[in-house]
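Participant: I am attaching a structure below and will ask some questions about it afterwards.
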Amino acid sequence: MLSKQFDQRLGFLLHDVSRLLRKRFDSRARAVGVTRAQYRLLAHLGRQEGINQSALADILEIEGMSLGQHIDRLEKGGWVVRRKDPADRRAWKLFLTDKAHLILDDMRALSAQVWEETQAGLSDADRERFIKTLLMIKDNLSQLDTAVPDTFDDVEDPSAVRKINVG
Numbered sequence: 096m097l098s099k100q101f102d103q104r105l106g107f108l109l110h111d112v113s114r115l116l117r118k119r120f121d122s123r124a125r126a127v128g129v130t131r132a133q134y135r136l137l138a139h140l141g142r143q144e145g146i147n148q149s150a151l152a153d154i155l156e157i158e159g160m161s162l163g164q165h166i167d168r169l170e171k172g173g174w175v176v177r178r179k180d181p182a183d184r185r186a187w188k189l190f191l192t193d194k195a196h197l198i199l200d201d202m203r204a205l206s207a208q209v210w211e212e213t214q215a216g217l218s219d220a221d222r223e224r225f226i227k228t229l230l231m232i233k234d235n236l237s238q239l240d241t242a243v244p245d246t247f248d249d250v251e252d253p254s255a256v257r258k259i260n261v262g
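Written out as structure tokens, the structure is:
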């Protein structure tokens, strides 16, 4: 009984589904020659070509140095080019190469195929309701994230803050 309760808690369930989805995508993406992390970076860059590394790191929620290492590998692989930012000589603007543009359509199709596989057995109404529910949860968490301080420095009485069960 405990195991079933554990498996049905939102946090654990979302984590497990996310892990399995990433695993499935990774196994399918190997044939294309791009990792999930690289695809994610290329996809964001494809939407905002000419963005600088700092802004892209913020969007991807990773440290600038980590992004720099990813960009180095992608640049060596012929997927990305860096160009000096004429407005800021310290900054680099990032652009996709033709090779990357060609692979993005394949990666989007692969992503859509994996997403279809994950929804096998769901009616169109269930799919729509599922997406709406996830969007509502995301919106709720986004609003809560802005309302709750990252630290307890701004809280007058930290002992008054209730612990939240997120599992």
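Under this note's numbering, the very last position in the sequence shown is 262; numbers go up by exactly one each time.
Cβ atoms here follow ideal geometry from the backbone N, Cα and C, with glycine treated the same way.
#1: What three-state label does DSSP hand Ala186 in the structure shown?
#2: How many angstroms separate the CA atom of Lys179 from the CA atom of Ser149?
#3: Can you name the start and end residues of the beta strand (DSSP E) that Arg178 belongs to?
#4: In chain order, what residues of the same chain have a beta carbon less than 6 Å from the beta carbon of Ile259, not counting five sequence neighbours either side?
#5: In the structure shown, what three-state DSSP assignment does Leu169 receive?
#6: Which two residues bound the contiguous alpha helix (DSSP H) that contains Leu155?
#7: Put Leu217 into one of helix, strand or coil per three-state DSSP.
#8: Spatial neighbours of Thr130 within its chain, please: CB distance less than 8 Å, with the 5 preceding and 5 following residues excluded, ordered by chain position.
#9: How about Gly141 and Leu199: are their beta carbons less than 7 Å apart?
#10: Can you tell me which residues form a DSSP beta bridge with Leu191?
#11: Quick check: the Cα distance between Val119 and Leu109, rounded to an integer number of angstroms?
#12: Can you name the start and end residues of the alpha helix (DSSP H) that Ala124 belongs to?
#13: Is Gln143 helix, strand or coil when you go by DSSP?
#14: Check whether the Cβ atoms of Tyr134 and Met231 lie closer than 7 Å to each other.
#15: For the candidate residues Asp240, Gly216, Ala207, whose alpha-carbon lies nearest to that of Leu116?
#16: From Ala182, Asp183, Asp167, pick the residue whose C-alpha is nearest to that of Val176; which is it?
#17: Output needed for Leu137: all residues of its chain with C-beta closer than 8 Å, excluding positions within five of it in sequence on either side, in chain order.
Facilitator: Looking at the coordinates:
#1: strand
#2: 13 Å
#3: 175-180
#4: Low confidence applies to Ile259: its pLDDT is 49, below 50, so where it sits in the model is not reliable enough to give any reading.
#5: helix
#6: 148-155
#7: coil
#8: Asp121, Ala124
#9: yes
#10: Val175
#11: Just to set this straight, residue 119 is Arg in the shown sequence, not Val. Each residue's alpha carbon lies about 15 Å from the other.
#12: 105-124
#13: coil
#14: no
#15: Ala207
#16: Asp167
#17: Val129, Leu169, Trp174, Val175, Leu191, Ala195, Ile198, Leu199, Met202
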